[in-house]
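> What follows is a single structure, and I will ask about it in a moment.
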Amino acid sequence: MSKPLEGIKIIDFTHVQAGPACTQLLAWFGADVIKVERPGAGDVTRNQLRHVKDADALYFTMLNSNKRSLTLDTKTAQGKEVLTKLIQDSDVMVENFGPGALDRMGFTWEHIQSLNPGMILASVKGFSEGHAYEDLKVYENVAQCAGGAASTTGFWDGPPTVSAAALGDSNTGMHLAIGILTALHQKIKTGKGQKVAVSMQDSVLNLCRVKLRDQQRLDALGYLEEYPQYPHGEFSDVVPRGGNAGGGGQPGWVLKCKGWETDPNAYIYFTVQGHAWAPICKALNKPEWIDDPAYNTAEARQDKIFDIFAFIENWLADKTKFEAIDILRKFDIPCAPVLSMKEIANDPSLRASGTVVEVDHPKLGKYLTVGSPIKFSDVTVEVTASPLLGQHTNEVLAQLGYSQEEISAMHDAKAV
Ligand code: CAO
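Here it is, written out as structure tokens:
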């Protein structure tokens with residue numbers, strides 16, 4: 128069966144994580160993604176944190192599956208000529224170079240449009256065009272700090288904290304993918320391409336939307352009732368770090384289970400969802416709390432929520448996280464075990480759903496990667512190995528119409 132994006136040609140001029148995460152997604156869904164890399168070097172992540180000598184690092188293989196690799200020195204005249212042909216022959220070009228790099232290479236948006244009016248140019252930058260910091264180069268944690276995530280993550284008595292989730296990188300790539308698909312859809316109607324730009328700061332902030340909500344509530348009220356600082360602690364004039372609080376209006380916390388003294392992940396997340404109060408009391412064997420006015424509303428529970436969590440931890444003391452969830456799930460309580468990466472890697476459900484997949488790589492051997500988190504009823508996503516550096520150079524050049532002699536000359540001139 129053909130894939131949904133089959134026939135869409137994408138020049139993948141991306142590196143590190145933000146751009147490659149976007150183009151990998153499009154490649155899974157069938158686009159022909161040609162990764163353009165500098166001859167001899169390639170994407171810097173091919174070499175970063177290698178654990179097998181002479182084999183591409185997992186950082187690269189896990190972000191570049193299902194693509195083809197073309198080496199091209201786009202600063203040489205021949206390289207520019209090949210890139211020009213590629214632009215004329217493609218639907219989308221994705222890039223996440225430092226600010227101004229594409230212009231310095233000679234491929235301004237105006238020039239790209241003149242070469243191919245249908246071209247969609249999709250860019251990731253740290254900050255949006257016109258922003259006071261638009262000239263800055265940006266990596267993941269920088270974006271988390273600039274987008275409001277770090278200031279609102281962590282505990283109130285600790286420093287701003289970055290998340291392990293790639294809110295700045297892969298998250299921005301996912302935003303860009305949505306932008307590209309939207310532009311492709313518009314092109315069906317107008318026949319025209321356009322520029323799609325996503326900044327890492329904006330993408331982080333988009334996920335921190337509820338914290339901007341909280342800032343406005345704090346400005347108006349002087350307190351935030353769902354934060355651990357309420358009612359006993361102090362609020363300043365900025366949204367505080369709330370530790371492991373729910374943030375969405377349902378109080379919750381990470382609670383210790385049996386074995387927490389030695390296992391750093393022997394915890395569950397427990398949510399005291401308002402309308403689940405009666406089942407929670409039943410599960411905890413505390414029926415007298417169900418109708419007790421000191422407990423039976425969210426407002427009444429607020430000033431003793433940490434006493435309630437302490438009571439639940441006491442209940443959890445002789446149960447592993449998995450035993451606890453097996454009991455709590457019968458009462459419809461929103462909760463989950465804190466899973467370690469090792470548990471996730473070996474989780475049979477994640478393997479069965481194709482979310483964790485094993486891939487065979489010619490040099491690296493078998494490795495695990497995260498497959499498509501998006502599931503379709505009519506599309507099967509197969510994850511194939513990432514390309515070796517320049518693996519498809521000759522093939523792509525031949526498809527662009529170059530003869531074997533011309534291709535050999537380009538190799539000799541080190542343009543590819
Ligand atoms: N042939 C010839 N030159 C090439 C090339 C090729 N195939 N591919 C890249 N280059 C050149 C660029 O043209 C650029 O040259 P100039 O600076 O001389 O004009 C040069 O390589 C460096 O590119 P860069 O600025 O993108 O790379 P960097 O390592 O200095 O910075 C990064 C990396 C990620 C900080 C920067 O690219 C950036 O800020 N990108 C935008 C934000 C982003 O995506 N960050 C997330 C990365 S994931 O954590």
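To convert, count from 1 in the sequence shown and add 127; that's this note's numbering.
Cβ atoms here follow ideal geometry from the backbone N, Cα and C, with glycine treated the same way.
1) Can you tell me which of the three DSSP states His-84 falls into?
2) Give me the Cα-Cα distance between Asp-284 and Thr-424, rounded to the nearest whole angstrom.
3) Looking only at C-alpha atoms, which of Phe-254, Phe-449, Glu-261, Asn-193 sits nearest to Trp-155?
4) Cα-Cα, which of Asp-262, Asp-218, Met-189 is closest to Gly-253?
5) In angstroms, rounded to a whole number, what distance separates the CA positions of Gln-400 and Leu-411?
6) Are the beta-carbon atoms of Phe-140 and Glu-237 separated by less than 8 Å?
7) In the DSSP assignment, the beta strand (DSSP E) including Pro-464 goes from what residue to what residue?
8) Pairing CB atoms from the segment 313-322 with CB atoms from the segment 241-258, are three or more of them under 8 Å?
9) Below 7 Å CB to CB, which residues in the same chain sit around Val-179 once its five sequence neighbours on both sides are set aside?
10) In chain order, what are the residue ranges of uninterrupted beta strand (DSSP E) at least 3 long that sit wholly in the segment 139-186?
11) Going by beta carbon distance, what residues of the same chain come within less than 7 Å of Lys-207, once the five residues before and after it are set aside?
12) Report whether the distance from the Cβ of Thr-201 to the nearest heavy atom of the ligand CAO is below 7 Å.
13) Going straight from the alpha carbon of Leu-152 to that of Leu-334, what length do you get?
14) Relative to the C-alpha of Ser-330, which candidate in Phe-362, Ser-250, Leu-351 has its C-alpha closest?
15) Ignoring anything shorter than 3 residues, give me the beta strand (DSSP E) runs that lie fully in the segment 408-466, in order along the chain.
16) Can you tell me whether Phe-353 is buried or exposed, with buried defined as 16 or more other CB within 10 angstroms of its CB?
17) Given that a residue counts as buried once 16 or more other Cβ atoms are within 10 Å of its Cβ, and exposed if not, what is Thr-198?
18) Runs of 4 residues minimum, wholly inside the segment 252-324: which ones carry the alpha helix (DSSP H) assignment?
19) Arg-195: beta carbon under 7 Å from a heavy atom of the ligand CAO?
20) Could you tell me whether the Cβ atoms of Gln-205 and Ala-540 are closer together than 8 Å?
21) Along the chain, where does the beta strand (DSSP E) that runs through Gly-528 open and close?
22) Using 7 Å as the cut-off, classify the Cβ of Asp-170 as near or not near the heavy atoms of the ligand CAO, replying yes or no.
23) Run through DSSP, which three-state label would Lys-338 get?
24) Exposed or buried, which one is Glu-509 when buried takes at least 16 other CB atoms within 10 Å?
25) Look at Leu-332 and Gly-295 and say whether their C-beta atoms are less than 8 Å apart.
26) Any heavy atom of the ligand CAO within a distance shorter than 7 Å of the CB on Met-327?
27) In chain order, which continuous runs of the alpha helix (DSSP H) of length 4 or greater are located wholly inside the segment 189-253?
28) Cutting at 7 Å between CB atoms, please list the residues of its own chain near Pro-500, excluding the five before and the five after it.
29) Determine the burial state of Ala-463: buried for a count of at least 16 other Cβ atoms within 10 Å of its Cβ, exposed for fewer.
Here's the rundown:
1) Because the chain here runs from 128 to 543, residue 84 falls outside it and cannot be looked at.
2) 29 Å
3) Nearest C-alpha to Trp-155: Asn-193.
4) Each of Asp-262, Asp-218, Met-189 was checked against the Cα of Gly-253, and the nearest Cα belongs to Asp-262.
5) 14 Å
6) Not in contact: Phe-140 and Glu-237 (Cβ atoms no closer than 8 Å).
7) Note, Pro-464: beta strand (DSSP E), 462-464.
8) Segments in contact, yes.
9) Leu-491
10) 159-164
11) Thr-201, Gly-233
12) yes
13) 20 Å
14) Ser-250
15) 462-464
16) Here the sequence assigns Glu to residue 353, which means Phe is not the residue at that position. It is buried - the Cβ of Glu-353 has at least 16 other Cβ atoms within 10 Å.
17) buried
18) If we require 4 residues or more, the alpha helix (DSSP H) runs fully inside the segment 252-324 come out as 267-273, 297-317.
19) no
20) yes
21) First-last for Gly-528: undefined, no H or E at that position.
22) no
23) helix
24) Burial check for Glu-509: the Cβ neighbour count within 10 Å stays below 16, so the residue is exposed.
25) no
26) yes
27) 204-216, 228-231, 236-242
28) Thr-482
29) exposed
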